[in-house]
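Residue numbers (our numbering): 1485 to 1883. Backbone N, C-alpha and C fix where the C-beta goes; we use that ideal spot for every residue, glycine too. Only one structure is covered here, and it is reproduced in the block below.
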Ligand code: SF4
């Protein structure tokens, strides 16, 4: 079973690979669905493919907007470009884009996006007969339905989401952002109004907000919990799922690395129960309340959290190890920490993880400093040489 991780930029893509992804998905500047993500320039896309292939990994590119006529002019040239740089698959939702991809990138595999809402074996068979290589199943399917689809259409690859944010509607059918903000989720511009706090206004009293309370904390009635299926990997393996996918092209490098590593460990454990320490790792990245959503039953009531849409943050991402020289590590700082604090290094192999109390910090001028500053490089001198590709974090201590 393939582990597929998200990458919002080239650096995140590299960390996804170092931390255990078999394949990575990303978007160019156009036609993907995360317009606010940094995304990849054409030069970056070429570099990303070459990097993945060098490590024997795959790169899939999203072209999963629902296209309007005006998009069609540029698409053939872009699809031809994706074939020329040898991407491993194009992720598509729209039948019109599918037809163009068959014509202008005939040698590239097509994966049908979750945006296309494939929810039955008949729909899977439909795309299979048209030439799709893989279906990214709708997130609303449970394990029994996935198992049945695999039995009925064994020739096609099935991919399913296992981790990350969920939409309150079927992916690809949400119109709230387009309606409220004129920014369509189906064109990569979602402003996430499902996460907003809503009040009630009586028609003749404009400006007077009446609080709606699901409970004493307020009401976020559209707010979905995050998906977390780490405990269900053995069942997904048994069902014959070909690829499991982590959501999050907008998430940090730390998030991508830590979540990818946890699922790598779970896949490598095969059908053995996933250890609690691995499950615990997923609590150390910022997340909303977790749920297994529709995995067991479609009418699950454990999918929404009405009290708040805020993230739960137990750990803070402090920086990435830029270079290791002997027992010194140079860290590119993203958030502050100071002398006396405990920090943790994580690495692609969990066994290398290290927790230390910071004693001395050196800045780029080799001077002692007490506190690090974001967007600087600092040096720590340790007792042992660290492996490469470390990420630094600290536990958030509530005052
Ligand atoms: S508004 Fe929320 S539910 Fe709708 S597409 Fe955006 S994230 Fe998904």
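Three or more beta-carbon pairs drawn from the region 1737 to 1749 and the region 1487 to 1504 are found closer than 8 Å, and the two stretches are therefore classed as touching.
Placement of the Cβ of residue 1660 at a distance of less than 8 Å from at least one heavy atom of the ligand SF4 is found. Annotation: residue 1772 to residue 1548 spans about 26 Å, alpha carbon to alpha carbon.
By a beta-carbon distance limit of 8 Å, residue 1545 does not contact residue 1559. Their separation comes to about 13 Å.
Across the set 1485, 1557 and 1487, the C-alpha of 1557 shows the shortest separation from the C-alpha of residue 1514.
Shortest gap from the CB of residue 1777 to any heavy atom of the ligand SF4: 8 Å or more. Taking residue 1568 as reference, the option from 1848, 1550 and 1590 with the minimal CA-CA separation is 1590. Judged by pairs of C-beta atoms under 8 Å, the region 1866 to 1883 does not touch the region 1844 to 1851, as fewer than three such pairs exist.
For the set 1778, 1529, 1579 and 1796, the Cα lying nearest the Cα of residue 1599 is the one of 1579. Here the distance from the Cβ of residue 1733 to the nearest heavy atom of the ligand SF4 is not below 8 Å. Residue pairing of residue 1695 in beta bridges, as defined by DSSP: 1683. Relative to residue 1843, the option among 1641, 1650, 1833 and 1823 whose CA is nearest is 1823.
About 4 Å separates the CB atoms of residue 1646 and residue 1728; that is less than 8 Å, so the two are in contact. The shortest CA-to-CA distance from residue 1488 to any of 1564, 1725 and 1656 is the one to 1725. Of 1681, 1861, 1769 and 1711, the smallest CA-CA separation from residue 1879 is found for 1769.
For residue 1647, the enclosing beta strand (DSSP E) covers residues 1641 to 1648. Our two residues, residue 1874 and residue 1829, have alpha carbons roughly 6 Å apart in a direct line.
For residue 1816, the Cβ stays outside the 8 Å cut-off from all heavy atoms of the ligand SF4. Bridge partners of residue 1727 according to DSSP: 1486 and 1643. About 6 Å separates the beta carbons of residue 1788 and residue 1707, which is inside the 8 Å limit, making them a contact pair.
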